[in-house]
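The numbering of the sequence shown is this note's numbering, which starts it at 96 and goes up by one. Ideal Cβ positions, reconstructed from N, Cα and C, are used throughout, including at glycine. Worksheet for the structure shown next.
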Amino acid sequence: MINNIGFIGLGIMGKPMAGHLIRGGHKLFLHSRSGVPEELIKEGGKRCATPKEVTQNAEIIFLMLPDAPDVEKVLFGHSGIADNLNEHPAKKIIVDMSSISPLQTIKFADRINQLGCDYVDAPVSGGEVGAKNATLTIMVGADESVFEKIKPILGLMGQTITLIGANGAGQICKVANQIIVALTIEAVGEALLFASKAGADPARVRQALLGGFACSRVLEVHGDRMIKRSFDPGFRIELQQKDLAIALSCASDLGVSLPNTAITQSLYNACIAHEGGKWDNSAIVCILEKLSNHQIKN
96 MINNIGFIGL GIMGKPMAGH LIRGGHKLFL HSRSGVPEEL IKEGGKRCAT
146 PKEVTQNAEI IFLMLPDAPD VEKVLFGHSG IADNLNEHPA KKIIVDMSSI
196 SPLQTIKFAD RINQLGCDYV DAPVSGGEVG AKNATLTIMV GADESVFEKI
246 KPILGLMGQT ITLIGANGAG QICKVANQII VALTIEAVGE ALLFASKAGA
296 DPARVRQALL GGFACSRVLE VHGDRMIKRS FDPGFRIELQ QKDLAIALSC
346 ASDLGVSLPN TAITQSLYNA CIAHEGGKWD NSAIVCILEK LSNHQIKN
């Protein structure tokens, strides 16, 4: 079934995701603060001046934005999605694939529900590689009936698609994911730094570890980036720091202690202080190197 779909936020992640939807046969209405990439227009996407214009043309609207204030502005700001819903009420589905606070997600969902529309939180994991290859893991918070409607469309962007629960549950799962990912990246950085300082070849150490119990996707991808010093962003440090801040804020509200998450976030804070906010999150190793006065040698 061909759908009129809106997609707002066409950065590192959103651009390839929208491309998959176009190539899947859907009609795409596009908007991005940085401008709509010409290649998406050439593939058949339609440029829209505002989120409101996107919503006027689409029944299902996807958001892929950096943070909660960006989502709130697109939803409820001037010429935002809610403007159209107020003026021309119709049953639409808003799908936020950004990574934001579960508590804010629930508030946004309530406001959209009051306007007669459905809301889905569907954050993703897999980074730029997953977005380009349509192999993202998608964690969904929604009513089951709404989930079933959009699941085939999500399947054009992701490989593992799981309904976690009601609105907010997708974001809770993403927070858990980011805790594991960030702490594992930091651990890989420590391990490779230790190996290099001790005199072993870090590339060979990584290769050996990939065959053992320490094997992980993080060791495979981010370990390689650390050794090759390839820090062009797949997922920026400033976004990882933001996600860990969400984790720690929610943990505080819940009375949960996340000591290693707090330490890892402080290392990402240090990266940002050293003007590394735009680096790939694997560049946390650069701060570890400064602390040890040793750079990993490949």
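TODO: Name the two residues that bound the continuous beta strand (DSSP E) containing F157.
DONE: I155 to L158
TODO: Could you tell me the distance, in whole angstroms, from the CA atom of L339 to the CA atom of S325?
DONE: 23 Å
- [ ] Between the Cα of E315 and those of G139, W374, T279 and K269, spot the shortest distance and give me the residue it belongs to.
- [x] The candidate whose alpha carbon is nearest that of E315 is T279.
TODO: Counting only runs of 3+ residues fully inside the segment 221-295, write out the beta strand (DSSP E) ranges in chain order.
DONE: 231-236 and 253-260
TODO: Could you please give the first and the last residue of the uninterrupted alpha helix (DSSP H) stretch that includes K385?
DONE: I379 to S387
Task: Cβ shell of R331 (< 6 Å), same chain only, five flanking positions each side left out - done: K373
Open item on the list: Tell me the DSSP secondary structure of N98 in three-state form.
Closed with: coil
Task: Cβ distance (whole Å) where E134 is taken to contact N98 below 8 Å - done: With a Cβ gap of about 21 Å, E134 and N98 do not count as contacting.
Open item on the list: To the nearest angstrom, how far is the alpha carbon of S193 from that of P164?
Closed with: 11 Å
Open item on the list: I'd like to know whether the C-beta atoms of A237 and M112 end up nearer to each other than 8 Å.
Closed with: no
TODO: Determine the closest residue to G265 out of P354, A286 and F242, with distance taken between C-alpha atoms.
DONE: F242
Open item on the list: Let me make sure I understand the geometry here. Which of P146, H126, S291 and L116 has the alpha-carbon closest to that of E138?
Closed with: Distances from the CA of E138 to each of P146, H126, S291 and L116 were compared; the closest alpha carbon is that of L116.
Open item on the list: Classify P197: buried if its beta carbon has 16 or more other beta carbons within 10 angstroms, exposed otherwise.
Closed with: buried
Task: One or two residues paired with V219 in a DSSP bridge - done: I233
Task: Where L304 sits in the DSSP three-state scheme - done: helix
- [ ] Rank A177, M159, L258 and V380 by C-alpha distance to the C-alpha of K323 and give the top, closest one.
- [x] V380
TODO: Provide the residue span of the beta strand (DSSP E) that contains V190, from first to last.
DONE: I188 to D191
- [ ] Flag this pair as yes or no: are the beta carbons of Q336 and Q360 separated by less than 8 Å?
- [x] yes
TODO: Using the DSSP secondary-structure output, state which residues sit across from K122 in a beta bridge.
DONE: N99
Task: Reduced DSSP category for R320 - H, G, I as helix; E, B as strand; rest coil - done: helix
Task: Close-in-space but distant-in-sequence residues of the same chain around I136 (CB under 7 Å, 5 per side omitted) - done: R142
TODO: Would you kindly check if the distance between the Cβ of I107 and the Cβ of E223 is under 8 Å?
DONE: A distance below 8 Å separates the beta carbons of E223 and I107.
Open item on the list: Per the DSSP calculation, R206 is bridged to which residue(s)?
Closed with: Note: R206 sits in no beta bridge, so no partner.
- [ ] Would you mind giving the Cβ-Cβ distance between A229 and L251, rounded to the nearest angstrom? I have them listed as a contact below 8 Å.
- [x] With a Cβ gap of about 6 Å, A229 and L251 count as contacting.
- [ ] List the endpoints of the continuous alpha helix (DSSP H) containing E148.
- [x] P146 to N152
Task: Nearest to V215 (by Cα), restricted to the options L231, K246 and T232 - done: Just measuring C-alpha positions, the residue of L231, K246 and T232 sitting nearest V215 is K246.
Task: Rounded C-alpha distance that separates G120 from L334 - done: 31 Å
Task: Same chain, Cβ closer than 6 Å to K244, five either side skipped, listed in chain order - done: none
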